[in-house]
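Peer 1: Attaching a single structure in structure tokens format; questions to follow.
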Amino acid sequence: MKKLKITIEGMHCSSCAGNIEKSLKKITGVKNASVSLMLKKGTVEAEDSVSVEDIKKAVSKTGYKISKIE
Amino acid sequence: MKPKNNHHPEEVEDSEIKGWKKKLVWTWIFTAPIIIIMLAERLLGIMVVSRTQTTLITLILGFIIVFILGWDTIRSGTIGLVKFYFNMDSLITLGTVIAYLTGIFYFTGWVQDYSGVAAMIMAFFITGKYVEAKARGKASKEIRKLLELGAKKARILRNNQELEVAIEEVKIGDILIVKPGEKIPTDGLVIKGESSVDESMVTGESLPVEKLKESKVIGATINQDGILYIKATKIGQDTFLSQIIKLVEETQSSKVPIQKLADKITSVFVPAILILAVLTFLAWLLASGDLSRSIGVGVAVLVIACPCALGLATPTALMVGSGMGAKNGILIRKGEAIQTMKEINTIVFDKTGTITKGKPEVVEIYSKVKEEYLLEYASSLEKLSEHPLSKAVVAKANLKKHKEVKNFKILRGRGIEGNIGPKKFVIGNSRLMSEQKIKLKNFEKKIAEFESSGYTTIIMAENGTAIGIIGIADAVKEDSIAAIRYLNRKGYKTVMITGDNEPTAKSIAKKVGIMEVIANVLPEEKAKKIEELQRGGLVAFVGDGINDAPALKQSNVGIAMGTGTDIAIETGDIVLAAGSLMGVVQAINLSKATFRKIKQNLFWAFAYNVIAIPLAVAGLLHPVVAEIAMALSSITVVTNANLLRKVKLGKIIKKKSNKHYHLLRS
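These protein sequences, in sequence, are chains L and U. Residue numbers for the first sequence follow the working numbering, beginning at 1450 and rising by one. Residue numbers for the second sequence follow the working numbering, beginning at 10 and rising by one.
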């Protein structure tokens, strides 16, 4: 298990944040994902098998960009 | 704090506001001609240019507004529509694009031209977003301040030379020099120097704190009057400030239960509105046969729906609330605590370190000689002992210079003795006095009184005669009484839990106004006692985070007390940075106020949609008016959240003259 912190650009409403959460949770191996519109940040709890690329893809699929991941 | 390249929210926020502002200005430059032409025609009946020319001009300007200035929205909305991740932008995209297309189809003669409406919807949307971004920026003001609080530079002592380095280069063990007025670079221990330090920015404690050798200092606090030499003990992510920031960020990503319904609605909101808009359009078309009118109504439905207000209701209020908390040293770790707090009816306090200071202190002196004399001689002797009781006497006397002591002896378990000048002093318990055949006449009554108050009593004798007694106890914190009185008045049942025996516990409880005492409790039994109390309702527990972890967890709201330099990060739903009980009162007031704000916001957001959507469906709202209403609803919610700042948390002011503490009530 690992915990990743992501910073997201381009969100401007809460349905955006909700969509990103949904998309992240769809990745197999992701246990939990929460995105804060106010902080423009999110946390993803996932199995080690989940790659940074998977997460980036899931976010960009909804139309937003990850500017930082750690 | 993290290195500079860190993407802090403030940078994102500022660039966001700037972005919207630029768009806002250009949008209105291009929208103005459209509005002038439209108003001239509608209100004054003047056709500045022909109908066809009007449409052409509007289409050109509208293209710039909708597709160039509004590109981010159109792009995000389209991605949402194509990939089935519908969002707010999807609604605006559909609304504006459909309205824009009517301008093109106007030339085929099928519909009336609504392209001006498209431009105006986008203009108001951008305006709304700008105002909202600004209000959101304000909401996160305190948090951003906290993020910027860390020192950037440090003055380091290396090979006897002062060297200014970037904060990232400071290592544990480095000696740092902090001059008056400067920020203490990182957490550390004073190794030389004396000063008072303003810690208000981190702990919320309003009075400066005295720092001497061996004192712990917190990074980002301000050194006021003396030069301090500090050994760095914590750096980077481990510092007190970093911990606070981590806690605050945690709050933001935690959810308040009441929000769940709003979240559920938001997630189905956009698709539901899409369907509703199509149905409205079809119904109007069937009923009236007027294609243009039906499109107008459909567009109004699309743009009036506002999931934003619903989604912003909770996080903005939580943001302002946790920011206000952080400013006052109250760190709300879990959003849930805000909601639970209002149902709490019992507050259980741990005694040692929570109600009391957790270390012995001289609380009363009874003397046949001058108190100053007693203390001066007692302190000179006690200075030579390491016993906690001795330290209490030394601290009370607070002497600059001690008298020279000869023939000093520690009498283990009983006390000390020694000579100062020609006089022989014995200080200790009554057993020591009877051993040395020192009579306690005139003191017996007072000793009994001290003991029934729960004090540890030491007796001082000079040349074989008792001259005074000193009562030492774990003193009650300055504001404990005020805080507990306040809570009692507010109708909470206050309970103290302690390992002390019943009489001692009761005497302290009586002093601070606690209603119920649970004495003789072993540390591991605390959680069980909380469980028993929970049969009578929801219970908050206030204790230190290290020893009381199970009790904190068992309670419905666990409030962990910090010691001022450490915060127990793993336990407690709420953490108080400064170890004052007044913080409990403030935390309760803040939680309640924040929750009230969340409820208000959710109410307005729901009410807005429930009223506005039917009006739009009924064709009673012009699409532009619908868009303005939509923008206003988000702005209202964020602005209302910012109003939380007006709430008074209840403060104490210290009157230096008589050491009394007064509670300021809102």
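Cβ atoms here follow ideal geometry from the backbone N, Cα and C, with glycine treated the same way.
If distances are taken between C-alpha atoms only, which option among U:Ala401, U:Ile45 and U:Thr61 comes closest to U:Ile55?
Peer 2: On the second sequence, position 46 is the one that residue 55 of chain U refers to. Minimum Cα distance to U:Ile55 is reached at U:Ile45.
Peer 1: Would you mind sorting U:Glu525 into buried or exposed? The rule is 16 or more other CB atoms within 10 Å of its CB.
Peer 2: One-based indexing of the second sequence puts residue 525 of chain U at position 516. Under this definition U:Glu525 is an exposed residue.
Peer 1: If you draw a straight line from the C-alpha of L:Gly1467 to the C-alpha of U:Leu52, how long is it?
Peer 2: Mapped onto the first sequence, residue 1467 of chain L falls at position 18. Mapped onto the second sequence, residue 52 of chain U falls at position 43. Computed Cα separation, rounded: 44 Å.
Peer 1: Should U:Ile662 be labelled buried (16 or more other beta-carbon atoms within 10 Å of its own) or exposed?
Peer 2: Locating residue 662 of chain U in the second sequence gives position 653, where the first residue counts as 1. With a pLDDT of 46 at U:Ile662, under the threshold of 50, the modelled position of this residue cannot be trusted; read the value that follows with caution. By the 10 Å Cβ count, U:Ile662 comes out exposed.
Peer 1: Can you list, in chain order, the residues of its chain with a C-beta nearer than 7 Å to that of U:Ile597? Leave out the 5 residues immediately preceding and following it.
Peer 2: Taking the first residue of the second sequence as 1, we reach residue 597 of chain U at position 588. Correct list, in chain order: Met350.
Peer 1: Looking at the strands, I want to know which residues DSSP matches up with U:Ala470.
Peer 2: Locating residue 470 of chain U in the second sequence gives position 461, counting from the first residue. Answer is U:Val435 and U:Ala475.
Peer 1: Starting from the Cα of U:Leu110, find the closest Cα among U:Ile101, U:Leu68 and U:Lys273 and give me that residue.
Peer 2: To locate residue 110 of chain U, count along the second sequence from 1; it is residue 101. Looking at the Cα atoms, U:Leu68 is the closest of the given residues.
Peer 1: Measuring CB to CB, does U:Ala160 end up less than 7 Å from U:Pro194?
Peer 2: In the second sequence, residue 160 of chain U corresponds to position 151, counting from 1. In the second sequence, residue 194 of chain U corresponds to position 185, counting from 1. Yes; because the gap between Cβ atoms is below 7 Å, this pair is in contact.
Peer 1: What residues in its chain sit with their C-beta under 7 Å from that of U:Asp509, if we drop five residues either side in the sequence?
Peer 2: Taking the second sequence and counting its residues from 1, one reaches residue 509 of chain U at position 500. Same-chain partners within the cutoff: Lys360 and Ala528.
Peer 1: Does DSSP put L:Glu1520 in a helix, a strand or coil?
Peer 2: Since the first residue of chain L shown is 1450 and the last is 1519, residue 1520 of chain L is not available in this structure.
Peer 1: Just to confirm my understanding: we take L:Gly1478, look at its own chain, exclude 5 residues before and 5 after, and list those with CB closer than 6 Å. What are they?
Peer 2: The residue labelled residue 1478 of chain L in the question sits at position 29 within the first sequence. Hits under 6 Å: Ala1495, Glu1496, Ser1498 and Val1499.
Peer 1: Could you compute how far the alpha carbon of U:Gly424 sits from the alpha carbon of U:Ile436?
Peer 2: For the purposes of this step, residue 424 of chain U is identified with residue 415 of the second sequence, where counting begins at 1. For the purposes of this step, residue 436 of chain U is identified with residue 427 of the second sequence, where counting begins at 1. Those two C-alpha atoms are separated by around 6 Å.
Peer 1: Can you pull the chain L neighbours of U:Gly320, defined as C-beta to C-beta under 8 Å?
Peer 2: Sequence index remark: in the second sequence, residue 320 of chain U carries index 311 (1-based). What U:Gly320 touches in chain L: Cys1462, Ser1463, Ser1464, Ala1466, Gly1467 and Leu1486.
Peer 1: Would you say U:Thr275 faces chain L, with C-beta separation under 7 Å as the test?
Peer 2: Along the second sequence, read from residue 1 onward, the residue named residue 275 of chain U stands at position 266. With 7 Å as the cut-off, U:Thr275 counts as an interface residue toward chain L.
Peer 1: Once DSSP output is grouped into helix, strand and coil, what is the label at U:Leu237?
Peer 2: The count along the second sequence starts at 1 and reaches residue 237 of chain U at position 228. Of the three classes helix, strand and coil, the one that applies to U:Leu237 here is strand, per DSSP.
Peer 1: Could you pull the start and end residues of the alpha helix (DSSP H) that U:Leu291 belongs to?
Peer 2: Reading the second sequence from its first residue, position 282 is the one you call residue 291 of chain U. It spans Gln268 to Ser297 - the alpha helix (DSSP H) in which U:Leu291 sits, taken as one unbroken run.
Peer 1: Output needed in chain order: residues of the region 87-119 of chain U with a Cβ under 8 Å from some Cβ in chain L.
Peer 2: Listed by position along the chain: Ile88, Gly89, Lys92, Tyr94, Phe95, Asn96, Met97 and Asp98.
Peer 1: Under 8 Å Cβ-Cβ, which residues of chain U neighbour L:Ser1472?
Peer 2: Here the question's residue 1472 of chain L lines up with position 23 in the first sequence. Within 8 Å Cβ-Cβ: Tyr94.
Peer 1: Between the Cα of U:Glu458 and those of U:Asn472, U:Ile374, U:Asn497 and U:Ile506, spot the shortest distance and give me the residue it belongs to.
Peer 2: Indexing the second sequence from 1 puts residue 458 of chain U at position 449. Nearest option by C-alpha distance: U:Ile374.
Peer 1: So which residues on chain U does L:Ser1498 lean against when the C-beta distance must stay under 7 Å?
Peer 2: On the first sequence, residue 1498 of chain L is found 49 positions in, with the first residue counted as 1. None at all; the shortest Cβ gap to chain U is about 23 Å.
Peer 1: Going by DSSP, name the residue or residues bridged to U:Tyr375.
Peer 2: Here residue 375 of chain U refers to the residue found at position 366 when the second sequence is read from its first residue. For U:Tyr375, which the question treats as bridged, DSSP gives the partners U:Ile478.
Peer 1: Between which two residues does the beta strand (DSSP E) containing U:Phe358 stretch?
Peer 2: Within the second sequence, numbered from 1, the residue matching residue 358 of chain U stands at position 349. Ile353 to Asp359 is the extent of the beta strand (DSSP E) around U:Phe358.
Peer 1: With DSSP as the reference, please indicate the residues paired to U:Phe550 in a beta bridge.
Peer 2: Taking the first residue of the second sequence as position 1, residue 550 of chain U is located at position 541. U:Val357 and U:Gly567, per the DSSP bridge assignment.
Peer 1: Answer yes or no: do L:Ser1516 and L:Glu1458 have a C-beta to C-beta separation smaller than 7 Å?
Peer 2: For the purposes of this step, residue 1516 of chain L is identified with residue 67 of the first sequence, where counting begins at 1. For the purposes of this step, residue 1458 of chain L is identified with residue 9 of the first sequence, where counting begins at 1. It is a contact, given that the beta carbons lie within the stated cut-off.
Peer 1: Please work out which residues of its chain come closer than 7 Å, Cβ to Cβ, to U:Ser394, disregarding the five sequence neighbours upstream and downstream, and give them in chain order.
Peer 2: In the second sequence, the residue the question calls residue 394 of chain U occupies position 385. Only Ile419 and Ile425 meet the Cβ criterion.
Peer 1: For L:Lys1510, which residues in chain U fall below 7 Å Cβ to Cβ?
Peer 2: Counting from 1 along the first sequence, the entry for residue 1510 of chain L is found at position 61. Correct list: Lys92.
Peer 1: Let me see if you follow: with CB-CB separation under 7 Å, is L:Thr1492 close to chain U or not?
Peer 2: The sequence position of residue 1492 of chain L within the first sequence is 43, counting from 1. Answer yes: the Cβ-Cβ gap between L:Thr1492 and chain U drops below 7 Å somewhere.
Peer 1: DSSP has U:Leu590 in a bridge; who is on the other side?
Peer 2: As a position in the second sequence, residue 590 of chain U is number 581, starting the count at 1. Its beta-bridge partners do not exist; DSSP assigns none.
Peer 1: Distance, Cα to Cα, U:Val179 vs U:Arg167?
Peer 2: Counting from one through the second sequence, the residue named residue 179 of chain U turns up at place 170. Counting from one through the second sequence, the residue named residue 167 of chain U turns up at place 158. Their backbone Cα atoms lie some 11 Å apart in a straight line.
Peer 1: Give the interface partners of L:Gly1459 over in chain U, defined as CB-CB distance under 8 Å, in chain order.
Peer 2: Here residue 1459 of chain L refers to the residue found at position 10 when the first sequence is read from its first residue. Near L:Gly1459 (Cβ distances below 8 Å), the residues of chain U are Asp81 and Ser85.
Peer 1: Find the residues of chain L that neighbour U:Met328, judging by a C-beta separation of less than 7 Å, and give them in chain order.
Peer 2: Position 319 of the second sequence, counting from 1, holds the residue named residue 328 of chain U. Those within 7 Å of U:Met328 in chain L are Met1487.
Peer 1: Quick check: the Cα distance between U:Ser675 and U:Ser439, rounded to an integer number of angstroms?
Peer 2: The residue given as residue 675 of chain U occupies position 666 in the second sequence. The residue given as residue 439 of chain U occupies position 430 in the second sequence. Here U:Ser675 scores only 29 on pLDDT, less than 50, and its place in the model should not be relied on; the value that follows carries that caveat. The straight-line gap from Cα to Cα measures roughly 50 Å.
Peer 1: Should U:Pro316 be flagged as near chain C, meaning a C-beta pair shorter than 7 Å?
Peer 2: The question asks about chain C, but that chain is absent: this structure's protein chains are L and U.
Peer 1: Can you tell me where the beta strand (DSSP E) holding U:Leu183 begins and where it ends?
Peer 2: Counted from its first residue, the second sequence places residue 183 of chain U at position 174. Just to set this straight, residue 183 of chain U is Asp in the shown sequence, not Leu. Where U:Asp183 is concerned, there is no enclosing beta strand (DSSP E), given that its DSSP letter is neither H nor E.
Peer 1: The beta strand (DSSP E) spanning U:Val3 covers which residue range?
Peer 2: The structure shown has nothing for residue 3 of chain U, since chain U only spans 10 to 675.
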